[in-house]
């Protein structure tokens, strides 16, 4: 999907905080990291946001979720991460149910959510924002190593470590939000609209970073308004409409699906 021939040499991966040791494709892909089973969620008593949603993400995968505004994409990530309680259904992370856990407990397990809108701490410095992401890591030496890796991934953040987060550009704030998530050593990284509102050059940078994180061994669940780019980097995709999954499959197949092309890719 990324244009490389089968015999092309794989580029050397950067070591990313939270990444796992390399394993064979077969080993990586047969083990479910995340399972969502028949999930229902609502806002109040009247607004049914998710209805019977099921989704699976395996180790070594990028899975994307596409859909129109208000379809339930962000609600699904919030429910998985513990920010919203489900009405029914199950969420399993590494085979263990987490649908009754609060957000800070799911984060401590390594299920890390970068929400829409970045949500950095604007009055804290770049360095302080990153340190907030490392709250589950008690070892100071490990925190320093992880910080150096984030600097390597986002050199501009290293240059602006003493600058307040709220003074960064939109793209730099998105880098900071992702860097903060990496400091938590994610075993699964969930990204909600990482390219929203960014200039094209910064969008390319963010998607390049997502590829680097994935190549280093971190599985990713990606919600993205740029459906075409999301499907290009993902292994599989799901389409959600009015709170229900209406299509799923290999990204290459969804890119060719006439209904998906017409609704989300702007191609008849």
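In the numbering used here, the protein residues as written are 573 to 840. Using N, Cα and C, we set each Cβ at its ideal position, and we do this for glycine too.
{"Item": "8 angstroms Cβ shell around residue 778 - same chain, five flanking residues per side excluded", "Value": "743, 746, 747, 750, 766, 767, 770"}
{"Item": "Beta-carbon contacts of residue 827 that lie in its chain and below 6 angstroms, excluding the five residues immediately before and after", "Value": "803"}
{"Item": "Range of the contiguous alpha helix (DSSP H) that encloses residue 604", "Value": "No alpha helix (DSSP H) holds residue 604; the beta strand (DSSP E) holding it covers 604-615."}
{"Item": "CA-to-CA distance, residue 610 to residue 620, given in whole angstroms", "Value": "14 angstroms"}
{"Item": "Straight-line gap, residue 704 to residue 759 (C-alpha atoms, nearest Å)", "Value": "18 angstroms"}
{"Item": "Spatial neighbours of residue 595 in its chain, beta-carbon cut-off 6 angstroms, leaving aside the 5 residues before and after", "Value": "Caution applies to residue 595, whose pLDDT of 47 falls short of 50 and renders its modelled position unreliable; the value that the coordinates give is listed next. Nothing meets the Cβ criterion."}
{"Item": "Top-ranked residue by Cα proximity to residue 706, from 726, 695, 684, 607", "Value": "684"}
{"Item": "Segment limits, alpha helix (DSSP H) that includes residue 797", "Value": "From DSSP, residue 797 is part of no alpha helix (DSSP H); its letter is neither H nor E."}
{"Item": "Status (buried if at least 16 other CB within 10 Å, exposed otherwise) for residue 645", "Value": "buried"}
{"Item": "Touching by the beta-carbon criterion (3+ pairs, under 8 angstroms), the segment 626-636 and the segment 789-801", "Value": "yes"}
{"Item": "Three CB pairs or more closer than 8 angstroms across the segment 722-740 and the segment 689-697", "Value": "yes"}
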